[in-house]
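Student:
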Amino acid sequence: MKNSGGLLELKRMNRAHIKKMIYQKAPITRAEVAESLNLALPTVTTSVVDMLAEGILCEQELPGWEASPQGGRKPLALDFVPQAAYAVGIELGPYGTTGVVSDVRGNIIARSKSAPASDCYETMLSQVGEQIRSLLDGTPREKVVGIGVGLPGFIETQQGVIRFSFREDWNKHILAQDLADALRLPVVIDNNVRMRVVAEEMFSHLWRPDVFAYYFISRGIACPVMMKNGVWSGYTSGAGEIGHTIVQPGGPKCSRCGHHGCLDAVAGENAILKKCEKACAVGQTPILQSLAQKRPLDLTLAMEAQELGDEIVCSIFAEAIKYLGISLANTANLLSPGLVLVDGYIMRSTQNQEMLRDIVSNYLYGLNSDEVRIEFLPFDQYRGARGAAGRIIKKFWIQ
Ligand SMILES: [Zn+2]
1 MKNSGGLLEL
11 KRMNRAHIKK
21 MIYQKAPITR
31 AEVAESLNLA
41 LPTVTTSVVD
51 MLAEGILCEQ
61 ELPGWEASPQ
71 GGRKPLALDF
81 VPQAAYAVGI
91 ELGPYGTTGV
101 VSDVRGNIIA
111 RSKSAPASDC
121 YETMLSQVGE
131 QIRSLLDGTP
141 REKVVGIGVG
151 LPGFIETQQG
161 VIRFSFREDW
171 NKHILAQDLA
181 DALRLPVVID
191 NNVRMRVVAE
201 EMFSHLWRPD
211 VFAYYFISRG
221 IACPVMMKNG
231 VWSGYTSGAG
241 EIGHTIVQPG
251 GPKCSRCGHH
261 GCLDAVAGEN
271 AILKKCEKAC
281 AVGQTPILQS
291 LAQKRPLDLT
301 LAMEAQELGD
311 EIVCSIFAEA
321 IKYLGISLAN
331 TANLLSPGLV
341 LVDGYIMRST
351 QNQEMLRDIV
361 SNYLYGLNSD
371 EVRIEFLPFD
381 QYRGARGAAG
391 RIIKKFWIQ
């Protein structure tokens with residue numbers, strides 16, 4: 001009995017490794033899987049045959065393969081059927097709640113955006129539940145493996161608890177359990193930027209090194225780090241909160257951490273907007289003022305004024321980007337990541353991208369700009385929700 005239990009466990013582990021390898025390296029042949037994992041070909045074949053029968057794998061002729069002059073059979077390569085499973089991803093962002101249903105390859109089959117969730121925990125819970133139910137309308141329920149929820153703040157993922165968020169009423173609640181009870185599906189919650197990193201690691205078709213940093217600029221700023229297929233959590237799972245490191249002692253007070261001069265308070269989107277509003281109110285920004293006569297003053301408008309050369313608005317952006325660049329260079333000096341992905345609305349502007357690159361390269365120590373590659377991600381409001389779905393695919397379907 002003991003031996004058969006051991007064999008079953010071995011088979012389960014082999015299958016998990018094989019699945020992961022195919023997910024990462026597809027299209028891949030059975031022989032390549034066996035060689036990469038140092039397994040016997042019949043062992044790989046046993047698992048593959050099972051998965052083919054379950055309909056989650058498909059086997060097709062290797063793309064781009066050319067027959068040798070002697071002919072011979074074309075090798076067959078394995079890949080997953082994208083519609084084999086689905087996951088829901090939700091991002092409870094400061095500007096709204098975005099939600100997606102994604103297949104195993106990150107293709108979005110349903111999406112929705114609603115107003116920012118209520119500050120009241122119970123109301124938020126029913127709002128999110130409602131949004132998920134309507135997202136899942138039409139998706140085969142038996143193929144849905146779970147729900148991922150990303151939100152700003154300090155999240156204890158293992159326990160599913162919101163330890164600290166800027167919506168006080170949400171704090172200390174076991175959101176993962178409450179949602180799982182309401183929707184009868186497994187739920188994982190985590191910091192929203194950490195969820196974004198997962199989307200990059202799993203769904204990007206571009207090269208990503210083992211260690212990369214994800215620099216996120218929104219109302220708050222965060223920089224989680226991916227280390228060998230896992231987001232570095234730190235001792236308390238709060239790693240990556242660069243937004244609350246002090247960059248200007250005695251500077252403006254942060255409403256989140258309560259300290260003066262943290263990066264959020266100096267260079268976050270709210271900080272930029274507040275400075276623009278103040279300058280606009282005292283008549284220092286002629287271009288912004290004329291734009292603001294027709295539309296409400298928001299970040300998009302401020303960026304337009306910057307583009308059009310409004311001097312004070314330009315200097316406000318330049319000051320914020322100076323601090324962002326310094327903190328990014330500090331991160332690179334501390335961790336030496338092979339790549340830094342920058343994700344943020346204000347970085348839609350190539351002018352801002354160049355400014356950030358220049359400042360980072362000024363403050364690198366012993367590293368050059370080629371060694372610290374910076375890549376700007378195109379702005380996508382569903383990126384966080386897609387990452388949350390990716391986290392579920394990874395946890396409940398691949399592993
Ligand atoms: Zn702060």
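1 is the number of the first residue of the sequence shown in UniProt numbering; add one for each residue after it. Built from N, CA and C at the ideal position, the CB exists for glycine as well. In this text the structure is predicted, and so the values were computed from the model without any measurement.
Using the C-alpha atoms, what's the distance from G6 back to P27?
Tutor: Each residue's Cα considered, the two are about 31 Å apart.
Student: What do you reckon, are the CB atoms on I56 and V33 nearer than 7 Å?
Tutor: Contact: no.
Student: Below 6 Å, is the gap between the Cβ of C254 and the nearest heavy atom of ligand 2?
Tutor: As presented, the structure is devoid of ligand 2, carrying ligand 1 as its sole ligands.
Student: Taking the C-alpha atoms as reference points, what is the distance between G240 and Y214?
Tutor: Going by the C-alpha atoms only, they are around 9 Å apart.
Student: Closest to F216 by C-alpha separation, out of I109, S327, C257, R256, would be which residue?
Tutor: Per the Cα distances, S327.
Student: Rounded to whole angstroms, what is the Cα-Cα separation between M1 and D50?
Tutor: Note that M1 scores a pLDDT of 47, beneath 50, so its modelled location is shaky; the value from the coordinates is reported in the next line. M1 and D50: Cα-Cα distance of roughly 23 Å.
Student: Based on the DSSP output, what are the partners of N191 in its beta bridges?
Tutor: DSSP output for N191 lists L151 as bridge partner(s).
Student: Given this structure, state the Cα-to-Cα distance separating A85 from V266, to the nearest angstrom.
Tutor: Roughly 43 Å separates the two Cα atoms.
Student: Compute the distance between the beta-carbons of L92 and L52, then report whether it is under 7 Å.
Tutor: Their beta carbons are not under 7 Å apart, which means L92 does not touch L52 by this criterion.
Student: Would you mind working out which of K25, C314, L39 sits nearest M13, comparing C-alpha positions?
Tutor: Closest option to M13, Cα to Cα, is L39.
Student: Looking at the secondary structure, which residues open and close the beta strand (DSSP E) in which M226 lies?
Tutor: Start and end: 225 to 227.
Student: Would you say the beta carbon of H244 is closer than 6 Å to some non-hydrogen atom of ligand 1?
Tutor: Checking the Cβ of H244 against ligand 1 gives yes.
Student: Below 7 Å between beta carbons: does that hold for A320 and I272?
Tutor: Yes, these two residues count as a Cβ contact at 7 Å.
Student: How would you call N120, buried or exposed, if buried means at least 16 neighbouring beta carbons within 10 angstroms?
Tutor: Note that residue 120 is Cys in the sequence shown, not Asn. Looking at its Cβ environment, which holds fewer than 16 other Cβ atoms inside 10 Å, C120 is exposed.
Student: Say the cut is 6 Å; is the CB of C223 nearer than that to a heavy atom of ligand 1?
Tutor: No, the Cβ of C223 stays beyond 6 Å of every heavy atom of ligand 1.
Student: Let me check understanding here. Comparing Cα to Cα, which of P249, K172, A318, R348 lies closest to C276?
Tutor: Among P249, K172, A318, R348, the Cα nearest to that of C276 belongs to A318.
Student: Exposed or buried, which one is D210 when buried takes at least 16 other CB atoms within 10 Å?
Tutor: Label assigned to D210: exposed.
Student: Look at the alpha carbon of Q399 and the alpha carbon of A87, and state the distance between them as a whole number of angstroms.
Tutor: Cα to Cα, the separation comes out at about 14 Å.
Student: With DSSP as the reference, label L297 as helix, strand or coil.
Tutor: Of the three classes helix, strand and coil, the one that applies to L297 here is coil, per DSSP.
Student: According to DSSP, is E59 part of a helix, a strand, or is it coil?
Tutor: Strand, per DSSP.
Student: Counting only runs of 3+ residues fully inside the stretch 160 to 189, write out the beta strand (DSSP E) ranges in chain order.
Tutor: Counting whole runs of 3 or more residues, the stretch 160 to 189 contains the beta strand (DSSP E) stretches 161 to 164.
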